[in-house]
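First comes the structure, then the notes that go with it.
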Amino acid sequence: MYKKIGVVGDKDSVLAFKALGIDVFPVVEAEEARKTVDRLAATDYAVIFVTEQVASTIEETIDRYTKQVLPAVILIPSNQGTLNIGMQRISDNVEKAVGVNIL
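Counting in my numbering, the sequence shown runs from 1 upward without gaps.
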């Protein structure tokens with residue numbers, strides 16, 4: 001069984017991923033984003049990319065999937081730039097795994 005990759009975010013940020021063969025899910029409102037991420041997690045999506053701007057509005061949903069192996073929810077910058085949320089999460093995870101912040 002194959003697993004899928006999806007991208008959730010504003011239309012302008014996620015549309016380019018379609019050219020790579022990744023399923024795109026443009027959202028406008030936080031509730032719509034929350035339902036989309038939950039739906040993808042409940043189906044065959046192993047990796048869900050979420051733009052940082054959208055992730056900042058649905059933090060509790062993102063945190064729920066952080067503790068699970070699948071799906072991997074990865075925060076990416078949008079076309080408007082980065083909020084450094086994704087990099088901070090990576091830094092926190094490295095510090096947790098190694099015991100010290102090496103980044």
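Glycine included, C-beta positions come from ideal geometry on N, C-alpha and C. Computed from a predicted model, the values in this text were never measured in an experiment.
Applying the criterion that 16 or more other CB atoms from any shown protein chain within 10 Å of the CB defines a buried residue, is residue i buried or exposed?
i	result
Gln68	exposed
Gln53	buried
Ala55	buried
Ala33	buried
Quick one: residues in its chain with C-beta nearer than 8 Å to the C-beta of residue i, no 5 flanking neighbours on either side, listed in chain order?
i	result
Gly21	none
Val37	Val8, Ile48, Val50, Ile58, Thr61, Ile62, Tyr65 and Val73
Lys18	Val24
Gly6	Ile22, Asp23, Val24, Phe25, Leu40, Tyr45, Val47, Ile48 and Phe49
Per DSSP, which residues does residue i bridge with? Please list them.
i	result
Ala72	Val47
Ile5	Val47
To which residues of the same chain is residue i closer than 6 Å at the C-beta, ignoring the five residues directly before and after it?
i	result
Asp44	Lys3 and Lys4
Pro26	Lys11 and Val14
Leu70	Ala46
According to DSSP, is residue i part of a helix, a strand, or is it coil?
i	result
Thr66	helix
Asp10	coil
Thr57	coil
Please return the same chain residues whose Cβ sits closer than 7 Å to the Cβ of residue i, not counting the five positions on each side in sequence.
i	result
Asp12	Asn79
Ala30	Thr57 and Ile58
* Please list the segments of the alpha helix (DSSP H) lying wholly inside the segment 14 to 50, counting only runs of 4 or more residues, in order along the chain. => 30 to 42
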